[in-house]
Structure formats: C-alpha cells, structure tokens
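Undergrad: As you go down the protein sequences, you meet chains F and U in turn.
So in the working numbering, spot 121 of the first sequence is number 122, and the numbers just go up one at a time.
So in the working numbering, spot 115 of the second sequence is number 116, and the numbers just go up one at a time.
Backbone N, C-alpha and C fix where the C-beta goes; we use that ideal spot for every residue, glycine too.
Number of protein chains: 2
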Amino acid sequence: MNKLYVVGIGPGAPEDMTLRAKNALEDAQVIAGYGVYVDLVRPMFPEKEYLTTAMRRESERCRLAIDAACGGKTVAMISSGDAGVYGMAGLIYELAQGRDLEIELVPGVTAALSGGAVLGAPLTHDFAVISLSDLLTPWEKIEKRLEMAAAADFCIALYNPSSIRRADHLRRACEILLRHASPETVCGAVRNIGREGERMELMTLEEMKNYSADMFTTVFVGNSQTRVIDGRMVTPRGYRDV
Amino acid sequence: MNKLYVVGIGPGAPEDMTLRAKNALEDAQVIAGYGVYVDLVRPMFPEKEYLTTAMRRESERCRLAIDAACGGKTVAMISSGDAGVYGMAGLIYELAQGRDLEIELVPGVTAALSGGAVLGAPLTHDFAVISLSDLLTPWEKIEKRLEMAAAADFCIALYNPSSIRRADHLRRACEILLRHASPETVCGAVRNIGREGERMELMTLEEMKNYSADMFTTVFVGNSQTRVIDGRMVTPRGYRDV
Chain F
2 MNKLYVVGIG PGAPEDMTLR AKNALEDAQV IAGYGVYVDL VRPMFPEKEY LTTAMRRESE
62 RCRLAIDAAC GGKTVAMISS GDAGVYGMAG LIYELAQGRD LEIELVPGVT AALSGGAVLG
122 APLTHDFAVI SLSDLLTPWE KIEKRLEMAA AADFCIALYN PSSIRRADHL RRACEILLRH
182 ASPETVCGAV RNIGREGERM ELMTLEEMKN YSADMFTTVF VGNSQTRVID GRMVTPRGYR
242 DV
Chain U
2 MNKLYVVGIG PGAPEDMTLR AKNALEDAQV IAGYGVYVDL VRPMFPEKEY LTTAMRRESE
62 RCRLAIDAAC GGKTVAMISS GDAGVYGMAG LIYELAQGRD LEIELVPGVT AALSGGAVLG
122 APLTHDFAVI SLSDLLTPWE KIEKRLEMAA AADFCIALYN PSSIRRADHL RRACEILLRH
182 ASPETVCGAV RNIGREGERM ELMTLEEMKN YSADMFTTVF VGNSQTRVID GRMVTPRGYR
242 DV
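1. Pull up the CB-CB distance for isoleucine 131 of chain F and isoleucine 143 of chain F, whole angstroms please, since I reckon it's below 8 Å.
2. List the residues of chain F whose Cβ lies closer than 7 Å to the Cβ of lysine 145 of chain U, in chain order.
3. What is the rounded straight-line gap between the Cα of proline 229 of chain F and the Cα of valine 8 of chain U?
4. Between the segment 213 to 240 of chain U and chain F, which residues of the former have CB atoms less than 7 Å from a CB of the latter, in chain order?
5. Rounded to whole angstroms, how far is the Cβ of proline 162 of chain U from the Cβ of leucine 137 of chain U, which I believe are closer than 8 Å?
6. In chain order, which continuous runs of the beta strand (DSSP E) of length 3 or greater are located wholly inside the segment 67 to 114 of chain F?
7. Is there a Cβ of chain U sitting closer than 8 Å to that of proline 15 of chain F, yes or no?
8. In terms of residue numbering, what span does the alpha helix (DSSP H) encompassing isoleucine 143 of chain F cover?
9. Can you name, in chain order, every residue of its own chain whose Cβ lies under 7 Å from the Cβ of glycine 13 of chain F, other than the five neighbours on each side?
10. Skipping 5 residues on each side, what residues in its chain have a beta carbon closer than 7 Å to that of glycine 223 of chain U?
11. Please compile the residues from chain F whose C-beta is within a distance smaller than 8 Å of the C-beta of glycine 109 of chain U.
12. Measuring alpha carbon to alpha carbon, tell me which residue in U:Lys23, U:Gly198 and U:Arg62 is nearest proline 44 of chain U.
13. Could you tell me which residues DSSP puts in a beta bridge with leucine 52 of chain U?
14. Given alanine 129 of chain F, which residues of its chain have a CB within under 6 Å of its CB, disregarding the five upstream and five downstream residues?
15. Is the CB of aspartate 242 of chain F under 8 Å away from at least one CB in chain U?
16. Give a yes or no on whether the minimum CB-CB distance between threonine 53 of chain F and chain U is below 8 Å.
17. Figure out for me which residue from F:Ala168, F:Arg238 and F:Gly85 has the closest Cα to the Cα of isoleucine 10 of chain F.
18. Kindly identify the DSSP beta-bridge partner or partners of glycine 11 of chain U.
19. Counting contacts by CB-CB distance shorter than 8 Å, is arginine 21 of chain F in contact with chain U?
20. Put glutamate 202 of chain U into one of helix, strand or coil per three-state DSSP.
21. Can you grab the Cα-Cα spacing for the pair arginine 62 of chain F / lysine 4 of chain F, in whole Å?
22. Assign glycine 232 of chain F to one of three DSSP states: helix, strand, or coil.
23. Go ahead and label arginine 200 of chain F buried or exposed: buried means 16 or more other beta carbons lie within 10 angstroms of its beta carbon, across all protein chains shown.
24. Flag this pair as yes or no: are the beta carbons of glycine 34 of chain U and isoleucine 79 of chain U separated by less than 8 Å?
25. Give me the subset of the segment 19 to 46 of chain F whose CB atoms are less than 9 Å from a CB atom of chain U, sorted by chain position.
26. Of all the CB atoms in chain F, is at least one closer than 8 Å to the CB of glycine 189 of chain U?
27. How should valine 76 of chain U be labelled, buried or exposed, when 16 other C-beta atoms within 10 angstroms of its C-beta is the threshold for buried?
28. If distances are taken between C-alpha atoms only, which option among F:Val107, F:Ala118 and F:Ala152 comes closest to arginine 192 of chain F?
29. With distance defined between alpha-carbon atoms, name the residue in U:Ala25, U:Leu52 and U:Arg21 nearest to glycine 36 of chain U.
30. Beta-carbon separation of serine 164 of chain F and methionine 216 of chain F under 8 Å?
31. Mind pulling the chain U residues with CB within less than 9 Å of alanine 174 of chain F?
32. Decide if arginine 146 of chain F is buried, meaning its Cβ has at least 16 other Cβ atoms within 10 Å, or exposed.
33. Counting only beta-carbon separations shorter than 8 Å, does isoleucine 131 of chain F have a partner in chain U?
34. Quick check on methionine 149 of chain F - is its C-beta less than 8 Å from some C-beta in chain U?
35. When you compare only the Cα positions, how much space is there between threonine 268 of chain U and serine 213 of chain U?
Structural data, given as structure tokens:
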C-alpha cells in the first residue's frame, strides 16, 4: 500500500518533535514541505530526497507529495506545529480523494501549546484559536469570531497576527476584543518559539494595540481571570480539592 | 537551582511524547502525577521515585511535587496531553509563587490534536476548546461559550463530555449548539486516543445528542464547511494557490 505520512514537526527544534514524528521521517524516502520547515529537519536526515515549493504553493506541494507516494515511494509531508491546525492535513485529504493511498496523520505541538509554555500557562481554561490572516477567510468572519470569543471570556491564541500586507490587523483585533474585555486583560506575545531568538513579552490588551507583531509571532489574550505570577501569564483553572 | 519540570506526555503511548518530554523524565529523580498517567510512563523509567495522589487531589499533588523539588530533588510533574490545557501548569505557578524554584514547562500533544489526527483534519480552521465539566466552572459559563462558539462558526473540541455525575451534559451541549449550527453538521468522537481500544466514530450533530460518551472520549464538532472525505472528518482551510 502506498504510504503518505502527514507530520506536524512542532515549533522547530528537533527535540520538540514527537518520537512518532521522528520515526515517520526515518521511515520516509521522500520529505516534502515548505522550504523553511524542510531546512529544520534536513540536518537530521541529510540522506533523504526532498520536495519543496515556494510559500503559498500549498496545493502544488500536496500534489507533488501525493504523486510521489502513489508512485511507490514512502513520503512524509511536513508542517510546522500540528499539520491539522492551519496545516496541510485537510488539503491532503481533499486532493488525495479516491487515490490508492494510506494516509497517516502524526500530530505535533502547535504554537498555542509551545508558545503557551514559554509564557507560562495562558490556556489552562477554555480557549479559542483564531488566525488573523484574511488571505483565505473573509475579514468579517474573523471579526465575528473575535467578538464572540471575547464575549464568552475565552482565552485566545492569535495566529498570523501580522504581515506587511496587513500591518494593522492586530490593532483592529484588539479594538474588537476591547468591546467585551477589560483594557487591563493580561496578554502575551512569543516570537520565534523554540528557535533561535525566542523572546516573550507580557502586556495589557490596551498596550497590545500598539504591539509590533511579525509573521513569526503568536499572540495570547487572557480571560478575565488571567494573572501575572512571578513574571508568567497564568490562567487559573480554579482547581481545588473537591 | 531547584528544578521542577511540568511535562505534557501526550495521549499516552511513549512514542507520542516529544523528545524534550522524554529527556525531562530521564533527567528527573522523582516523577509526580495522577496514578493513571504515572502508570503510562513507569515502564519506561522503572528506577525513578514516584509520587502519586488520588484523582481530584490536584493541589496536594502539586504541593508534594513542589516540596520535593525545593528539597533538592529534580522533579517532573506529568499531565496527559499538554500540561497547559486543563492541566497542572497553572496550579504549579500559583502554588510555587515565591518559592526558590526553576519551573520548566514541556508542552505536549493535547487531545484536540491527537484525537483530531485520528478523525482526519477536523480543526484545520479556527477552533474552540471547551470542557463540559462543571466541577470548577459554572454551567452557565459553559453554555455561554458553547453558544458563542456555534454563533461564530468555530470548529469545536469538547473535553470531558460526560461522566456518571453529568451523563446529560453532551446532550445539553448539542441542544445549545443546534441553536446556530445545522443538525447535519459533521461531528466525530474518539475514545482512548493513542491507547489500547482506540476507536473513532463519525456522526451528525443531531445524532450526537444521543451519543454515549465516557470520560475517555473527546468530541469534535465541525464548522459549516466540514465534510466527510473517504471516511474522515475534514475541515477545509480553503487553501488555493494565490
């Protein structure tokens, strides 16, 4: 049976990968993915065949991987974080429909979790994950999700908070959240999670309006209970011995 | 410096742990946690000292771990999944406040990701994670979060969908979601993720009202775009080559 692994490699460092992910990459003859992520695993597996395409050529990249697997090679398609969270997993299923292929998904640590661990424990209670990229989603839908998430007092992880084309998205998001959340809400941002230059910052929601995020930043918004404890962002679950 | 690791071990199988988690457990002299999770790692590290307490004695368990670490032993406190998602990370920060202790969080693959990978790709777009346990959260708050999540067309992962004490919570949750979501919304459930007896089922939101979940089940509710492709639950991101 032709075999295609779809692998989430985590934030980047080899040790943030699961053992299952490492085994899948070892088993694969071909590793496919976006250049930046392929470069993260290439030093671990220099002898593999690699398939890469440019940023945003996701469909092309998935088709190359599916074709290589259907041609008889064991292929691992990699995403950073988890392949099921804004990753390639969905697209692989769409494009592989009806092909003679066994698809195995290998989950990984997405930025909400890896970035959360850098900040402390921002997502200990119910949370929402929202991407601020409107490349593939109408901005009105993103606004609605921000508004509802704040109204329901969710903790929030914001992916893709900014890019050159949409430098003001984070500010606009903060303004929507402020309709329901206090300006003093504890927020955090993590850059280059698990990679060289990792950096975390804490701020209030009001301050975040003017925060300069880039495309390697993940942003966290606390709920009404989130506090700063010893320099960390902590959302209490409210555990007690009941 | 006294050292306390707070480690998410993933769904259960040793290979679903990250290499960083494995290294932390190797480095620790003492491993603390709830009995069921401790039993998952004990075969890998039979020579360690173990500290366990009964279910729900979370504060006591954290205090034991903090005291052991402050007494000079390297301690790893483990949670299943990710320690930052309904796990011990927040409580450790609260109880360790002001103690002479270096805390290192090691993220892991939470059930939204590991269960998602079993079902296909249910969370490829914006999603919310909600626990249906009202032990530590008023049910009204849970209802509000369900209602807002459905109104905003989030994909949803439901943790703790049921227990003996609250057998009807999943039905009540479905009824709230149905105020905004179609009865035909694609849903899925995964039991015993990554462990013996793993089993996944697909159903509609209407059918899920009568689904018998147990405390080892994680439930997934699609958004309005989620489809079934080749027997898998797939939420399209809407990728195209732009």
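TA: On the basis of the coordinates in this document:
1. Yes, they are in contact, since the Cβ atoms of isoleucine 131 of chain F and isoleucine 143 of chain F sit about 7 Å apart, within 8 Å.
2. One finds Ala153 in chain F with Cβ atoms closer than 7 Å to the Cβ of lysine 145 of chain U, taken in chain order.
3. The sequence as given places valine at residue 229 of chain F; proline does not occur at that position. Cα to Cα, the separation comes out at about 21 Å.
4. Answer set for the segment 213 to 240 of chain U: Ile230, Asp231, Arg233, Val235, Thr236, Pro237, Arg238, Gly239 and Tyr240.
5. Not really, about 16 Å apart at Cβ, beyond 8 Å.
6. The segment 67 to 114 of chain F is shown to contain whole beta strand (DSSP E) runs of 3 or more residues at 76 to 80 and 103 to 107, in chain order.
7. Chain U, which has a Cβ nearer than 8 Å to the Cβ of proline 15 of chain F, makes this yes.
8. Under the DSSP assignment, isoleucine 143 of chain F falls in the alpha helix (DSSP H) whose first and last residues are 140 to 152.
9. In the same chain as glycine 13 of chain F, and ignoring 5 residues on each side of it, the C-beta atoms closer than 7 Å to its own belong to Leu41, Ser81, Gly195 and Arg196, in chain order.
10. Excluding positions up to five away in sequence, the list reads Pro123, Cys156, Thr186, Val187, Cys188, Met234 and Thr236.
11. Correct list: Val110 and Leu114.
12. Nearest of U:Lys23, U:Gly198 and U:Arg62 to proline 44 of chain U, Cα basis: U:Lys23.
13. Leucine 52 of chain U pairs with U:Ala33.
14. Same-chain partners within the cutoff: Ala150, Phe155 and Ile157.
15. Any reading at aspartate 242 of chain F must be qualified, since the residue scores a pLDDT of 42, below 50, and its modelled position is unreliable; the value itself is stated next. For aspartate 242 of chain F, the answer is yes, since a Cβ of chain U falls inside 8 Å of its Cβ.
16. With respect to chain U, the C-beta atom of threonine 53 of chain F has no partner C-beta closer than 8 Å.
17. Checked all of F:Ala168, F:Arg238 and F:Gly85; the closest Cα to isoleucine 10 of chain F is F:Gly85.
18. Note: glycine 11 of chain U sits in a beta bridge opposite U:Gly82.
19. Chain U, which has a Cβ nearer than 8 Å to the Cβ of arginine 21 of chain F, makes this yes.
20. Strand.
21. Going from the Cα of arginine 62 of chain F to the Cα of lysine 4 of chain F covers about 16 Å.
22. In the three-state scheme derived from DSSP, where H, G and I count as helix and E and B as strand, glycine 232 of chain F is classed as coil.
23. It is exposed - the Cβ of arginine 200 of chain F has fewer than 16 other Cβ atoms within 10 Å.
24. With a cutoff of 8 Å on beta-carbon distance, glycine 34 of chain U and isoleucine 79 of chain U are scored as near each other.
25. Cβ contacts with chain U come from Thr19, Leu20, Arg21, Ala22, Lys23 and Asn24.
26. It does not: the Cβ of glycine 189 of chain U has no partner Cβ on chain F nearer than 8 Å.
27. In summary, valine 76 of chain U is buried, with 16 or more beta-carbon neighbours lying within 10 Å of its beta-carbon over all protein chains present.
28. From the listed residues F:Val107, F:Ala118 and F:Ala152, the smallest Cα separation to arginine 192 of chain F is found for F:Ala118.
29. Ranking U:Ala25, U:Leu52 and U:Arg21 by Cα distance to glycine 36 of chain U puts U:Leu52 first.
30. Yes; because the gap between Cβ atoms is below 8 Å, this pair is in contact.
31. The contacting residues do not exist; alanine 174 of chain F stays about 12 Å from chain U at best.
32. Taking a 10 Å sphere around the C-beta of arginine 146 of chain F, we find 16 or more other C-beta atoms and assign the residue as buried.
33. For isoleucine 131 of chain F, the answer is yes, since a Cβ of chain U falls inside 8 Å of its Cβ.
34. Among the CB atoms of chain U, one or more fall inside 8 Å of the CB of methionine 149 of chain F.
35. Only positions 2 to 243 of chain U appear in the structure, and residue 268 of chain U is not among them; the question remains open.
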